[in-house]
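Protein chains: 2
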Amino acid sequence: MELVEIAIITISLIALLYAGLQAYFILKEDEGTDEMKRIAQAIQEGSRAFMKRQYTTIAIVAIILFVIIAIAFTFYTSLTNGLILALGFAIGAFGSAIAGYIGMHISIRANVRTANKAKEGLQKAFSLAFRGGSVTGMSVVGIALLGISIFYFWLRNPDMMVGFIFGASLISLFARVGGGIYTKGADVGADLVGKVKYGIPEDDPRNPAVIADNVGDNVGDCAGMGADLYETYVVTALASMLLAYLLYGQYSEYVILPLIFGAIGIVATLISIPFVKIGKNKKIVPALHKGIIISSIVAAIGFFVVSYYYLKDNLNAFYAGIIGIFIMAFMVFITEYYTDYKYKPTLETSKASSSGAGVTIITGLAYALQASFLPIIVISLGILISFAIFNGFSDPLNGIFGISIASIAMLSMAGIIISIDSYGPITDNAGGIAEMSGLPEDVRNVTDPLDAVGNTTKAITKGYAIGSAALAALSLFAAYYLTVSTSNVYNASQILKSFEIVNPLVLVGLLIGATLPFFFTSFLMRAVGNAANAIVQEVIRQFDTIKGLMEGKAKPEYGKCVDIVTRTALRELVIPGLIGIVTPIAVGFILGPLALGGLLLGVILSGFALAIMMTVGGGSWDNAKKYIELGNFGGKGSEAHKAAVVGDTVGDALKDTAGPAINPLVKVVNTVSILFIALIIAVHLL
Amino acid sequence: MELVEIAIITISLIALLYAGLQAYFILKEDEGTDEMKRIAQAIQEGSRAFMKRQYTTIAIVAIILFVIIAIAFTFYTSLTNGLILALGFAIGAFGSAIAGYIGMHISIRANVRTANKAKEGLQKAFSLAFRGGSVTGMSVVGIALLGISIFYFWLRNPDMMVGFIFGASLISLFARVGGGIYTKGADVGADLVGKVKYGIPEDDPRNPAVIADNVGDNVGDCAGMGADLYETYVVTALASMLLAYLLYGQYSEYVILPLIFGAIGIVATLISIPFVKIGKNKKIVPALHKGIIISSIVAAIGFFVVSYYYLKDNLNAFYAGIIGIFIMAFMVFITEYYTDYKYKPTLETSKASSSGAGVTIITGLAYALQASFLPIIVISLGILISFAIFNGFSDPLNGIFGISIASIAMLSMAGIIISIDSYGPITDNAGGIAEMSGLPEDVRNVTDPLDAVGNTTKAITKGYAIGSAALAALSLFAAYYLTVSTSNVYNASQILKSFEIVNPLVLVGLLIGATLPFFFTSFLMRAVGNAANAIVQEVIRQFDTIKGLMEGKAKPEYGKCVDIVTRTALRELVIPGLIGIVTPIAVGFILGPLALGGLLLGVILSGFALAIMMTVGGGSWDNAKKYIELGNFGGKGSEAHKAAVVGDTVGDALKDTAGPAINPLVKVVNTVSILFIALIIAVHLL
């Protein structure tokens, strides 16, 4: 092993060490009163129960796929190949599960400690919550980088590692979908029946669904997002490595460049974390911005050093890296613009609430439809510029690798972004625990603003996740393209044997692909509706049968609600999960590799705009409601507030379930195709 | 001129003659009481005023474009060419304006007569309303076929006729957008302030916005839809002719095949119209179905005869024609399934209203997201089969022409479909007039079911319009592709000079294109919000200042509301209109013809699913509300009804403004590109 390789592994271990130490210090913090401990324990039990049952369900699918992969590829290639692909699949899947689990594990412990710390003021509470988030952030990138590195240094062949990508993809699809249905089924259900039907406030301990709601934050926003970004990281790194391998051969220094960029990102994040502190002005958002800015600068310096020394004064990688960081920064900015009530879109949506729920939805939707335009222009420019930097206009394949370097640079920021994101569910839960355990108002005056900022950071991460998912998918698509174009299926000068958009097979693939995100999310929206309805029925049953519940004299049966959402979420995740896996296989085997290529691109094309529309819309409605709750346009309890609550309910399902699930869909469709492409080509050459 | 050419012109004249005669008989019917006449006159004045101002605005844009086209192409080719293109542009635009105007003109006269006829029972009222619709239907197809035929028989060169397509596209874009904003701005505004704020029923004469609302039905659903389908008809026919011309040369019998199919469609529609009658069971929908079924059968026979005799036993055109008719039938069926409360999706949405507005929106949206999947599968199959019928898998270009034959067959059904659609605004207005002029309840018991069916037929037409717009755009795209691929820009074996999806220029074009429908509709959604808000303010002002208005003692100032929506709609149509024209020109000149190709396809890809989502969702929420108003889930005035009204409000903006405007966007983007492609190629070869 070379020095640089040892450095990569060491840095990924440092990330994990940092996460472990932080976790240790966080767990030493005080959990507060007995009441707080009791509530925290209920959330922990619910979260663990869901994760256990979710992973059991996923494990069944994973084992079946493991066997299929092992047999299919043993049969088609060799026993060694079959076993390595299946083993990679298992490791990729396991890494994803671990990353999600650690995120959830620390989040459900940091929440109650943050609530308790809030007694000591905003700065300390913020610090604890952010450190909790950074455990998730550093675990995700550490596990991802370590897993890829060890596996690659053993095999030295990225082509053998597509099983790894598929494993990561599969788990993240299920974790995102399952967690997404859970979190919003519980949230919407709790809101509907609590705020709307019985007129009791959010997080009121009398509401039997309140624990399920808090569990949802952890299994959805925390475990789901962790698994999702772990996967994007793995996919982007391996797709870039695969491209470099296909283009420049096994011994090119470009092959491990993605790993080096990843390691630089970890160092940059670790350097930036101590700077994420609230200053005297008590403003939270600038503290988080500081983290992003400092780690961007450090990463840029790192990219320069690597380009200068390791790549021998070839600064192209540095330039492409800067493009990637710029896209990241822009996605963060634009999502903030569309979702923060400091800016026009959310303010207008908030104002529209005075004219009723219908106009609230129309106005929010109008801005949400708009929100994908500037990002796509920036991403398009990024694609063309990084393509040009790598001399793509004289050597197209080289240029495609340039695009993938930009995407890996964007992904190297995952550590800090996940830290900021995972801070969200911790403060959300902390607010809930403070409310439920009846902590004094000055504590809630600390947890409330922390929670409000969490809404924006969660939206920001989604913007980042979608942008990087699109770029990751494009890298995968490029690798797919290269594989097909070196096969006998392909003949660029014959339309029917090429990826020409006028080839009806490609066209049909594009059409089906562009429709797929719509079809896929329809199941998620219905699942949220179903889960929410189940919760509503259960809560009504409890209020009807448990005497003294409304008066606060009797305790509700929290566990029943947790159980109902768990079952509903697991039942409803099967069909969308299968859609992601079965569609590319079916299109590939029935219509062939060219139609499948169209499908892969089609999913990216409409998926990006749809995902942005859903997540931005949802974030904006949420904050439009928060703005009214600050006392604007009539404040809490006014007609405008009721209208804003409707917007928020719709937005919840869009922003936390349907929208974010498009990311893993886009990637899983691409990874399944890469995995099966050799078989598909073989069948179509018969 | 050959016999077949004379036949085509004669048949298009017969269509116009039929429309004229029907209009004459309708106008001879009694208008009813003085009160009814007064109300009808107010609607007529409002509609005429809007159309006049809208056409004035459009005329300014059209004149500027006329001059630009004439100068640009005189400069680039020759004076003759420049003038012919500009003249074609003027004729195409004028035809579209006339088609829209006639539809509006008859609709605002048939409405009051239908209301009066309702005194004599359901059958007679239905008959009159449908005959009114058929005037619009036959006018649109008659004008379109006559215009294309005369212009073609004069020039004998479809390549010179792209100006004609662009003229038709431009007007339809503006008519759709302007009419769409008007109709739903007025509708949403009137509902918000009437039903929600003052608690007075729909169409109550005390509501100052009620006339504007009725005007909207005519200028949006009637004139807008007329212009839209006129354009699709023109675009599809000319794109097919252009393809045939490029592929088989000037003298091929295929060049006028689209005109022959159009003439067959007219004959089939004329034969089917007398069968559209309500039987003894008083069911309305089956009567309309009969019209579609009979004209489909007659058209199929016609396609067979033409293939057998005119194309000398070459039945390929017949088979492809059957595919087109099948796609039409499927689009009708699927839209009915998703929007009619007889079926699960709308029933479930209706039921969800019991859980509040949020769940109503979530459930409706879930089904709407789903609704594009089966149509895209059917259209994909249609594409592949008609491609295969024309031996595409050995001769791809021939296969592409097969696809365009299927689309022209689908379009030949436009006559009957527009007739059924235009029936909608007439009955909607009739109901309004009956309500406002205080006709007895048994009259309203006739107009109400007629109106309810109108909702479904309007949704059906939108499904048909979107499906045919997508196919029309694909034909245009194929023509665009052929033009570029014979230029020096194109070299299939070099990725960067081909339409390979991996070419980053094509990719960026696809990305921008797929985002465009989202961006474009965002302006329409906001426009509806703005127009509705303006109406709300004005109505509140009138209730505040006009004494005795609420008690029904004083008359509201209807004209003020009409005026306000007119101004808002015309102001708001400019930006979306320009987006459709400027984007392809900018992408073409900046990024080149290959990126532009990607853009054209990208718009179709996401536009289809988005348009279906919006129109189906809107239709479903509307009927979910209607189902509750029949007394289900608590009936009128219940909490469920209030939730359903919110769904309907959101749906109104989606289904009548944003969704349908995607059709002309898709087509105008393609026609602009075809028009300017020679110039763009010239610039990029410099």
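Line by line, the protein sequences are chains F and C.
Sequential numbering of the first sequence, starting at 0, is according to numbering that gives the first Met the number 0.
Sequential numbering of the second sequence, starting at 0, is according to numbering that gives the first Met the number 0.
From the three backbone atoms N, C-alpha and C, an ideal C-beta is built for every residue, glycine too.
N- and C-terminal bounds of the alpha helix (DSSP H) containing residue i
i: C/Y337; result: 315–338
i: C/F400; result: 395–410
i: F/N80; result: 78–116
i: F/D562; result: 557–571
i: F/Q122; result: 121–154
i: C/P157; result: Here C/P157 belongs to no alpha helix (DSSP H), and DSSP marks it neither H nor E.
i: F/N428; result: 413–435
i: C/V305; result: Premise fails: C/V305 is in no alpha helix (DSSP H) and is neither H nor E.
Sequence-distant residues of its chain with Cβ nearer than 6 Å to residue i (five each side left out)
i: C/G188; result: A208, A531, I534, V535
i: F/A61; result: A92
i: C/A356; result: A642, V645
i: F/G132; result: S418, S421, Y422
i: F/E434; result: D202
i: F/A109; result: I25, G131, I425
i: F/D647; result: W620, D621, K624
i: F/L509; result: G597, G601
Any non-hydrogen atom of the ligand HEM closer than 7 Å to residue i Cβ
i: F/V3; result: No copy of the ligand HEM appears in this structure; indeed no ligand is present at all.
Member of the options whose CA lies at the smallest distance from the CA of residue i
i: C/G278; options: C/L26, C/V671, C/K123; result: C/K123
i: C/Y308; options: C/G323, C/I259, C/P344; result: C/I259
i: C/R525; options: F/Y197, F/L599, F/Y366; result: F/Y366
i: F/G264; options: F/I574, F/I10, F/L548; result: F/I10
i: C/L245; options: C/V483, C/A222, C/F72; result: C/V483
i: F/Y557; options: F/I603, F/Q40, F/G141; result: F/Q40
i: C/S411; options: C/M327, C/A553, C/N315; result: C/M327
i: F/M409; options: F/A471, F/F400, F/T455; result: F/A471
Contacts that residue i makes with chain F (C-beta to C-beta distance below 7 Å)
i: C/Q369; result: F518, S521
i: C/L495; result: F392, P395
i: C/S492; result: A491, S492
i: C/V649; result: G357, I360, I361
i: C/A477; result: V501
i: C/L678; result: The premise fails here: C/L678 is roughly 22 Å from chain F at the closest Cβ pair, so nothing lies under 7 Å.
i: C/A652; result: I361
Chain-ordered chain F contacts of residue i [CB-CB under 9 Å]
i: C/I382; result: P503, L506, V507, L510
i: C/A413; result: Those do not exist, as C/A413 stays about 23 Å from chain F at its closest Cβ, beyond 9 Å.
i: C/N532; result: A351, S354, V358
i: C/F372; result: I511, T514, L515, F517, F518, S521
Within chain F, partners of residue i - CB distance below 8 Å
i: C/S379; result: V507, L510, I511
i: C/G193; result: The contacting residues do not exist; C/G193 stays about 12 Å from chain F at best.
Contacts that residue i makes with chain C (C-beta to C-beta distance below 7 Å)
i: F/F604; result: Rather than Phe, the amino acid found at residue 604 of chain F in this sequence is Leu. What F/L604 touches in chain C: L509, L510, A513, G601, L604, S605.
i: F/G178; result: Going along chain C, no residue has its Cβ under 7 Å from F/G178, so there is no contact; the nearest lies around 18 Å.
i: F/A608; result: A513, T514, F517, S605
Sequence-distant residues of the same chain with beta carbon closer than 7 Å to residue i, five excluded per side
i: F/N529; result: T567, E571
i: C/G453; result: Y422, G423, T426, D427
i: F/F49; result: Y181, V214, V218, T565
Neighbouring residues, chain C, relative to residue i (Cβ below 8 Å)
i: F/G587; result: Near F/G587 there are no residues of chain C at all, since even the closest Cβ is about 15 Å away, more than 8 Å.
i: F/F498; result: E499, I500, V501
Residue i: contacting residues in chain C (beta-carbon distance under 9 Å)
i: F/Y366; result: S521, M524, R525
Same chain only: Cβ atoms within 8 Å of residue i, ignoring 5 sequence neighbours per side
i: C/L569; result: R52, Q53, T56, G177
Quick one: which unbroken alpha helix (DSSP H) runs of 4-plus residues sit fully inside the segment 171–221 of chain C? Chain order, please. Listed in chain order, the alpha helix (DSSP H) elements of length 4 or more contained wholly in the segment 171–221 of chain C are 209–215.
Runs of alpha helix (DSSP H) lying entirely within the segment 475–555 of chain C, each at least 4 residues, in chain order: Those alpha helix (DSSP H) runs which fall completely within the segment 475–555 of chain C and span 4+ residues are 503–544.
Within the segment 21–84 of chain C, ranges of the alpha helix (DSSP H) (whole runs, at least 4 residues): Within the segment 21–84 of chain C, the complete alpha helix (DSSP H) runs of at least 4 residues are 33–75.
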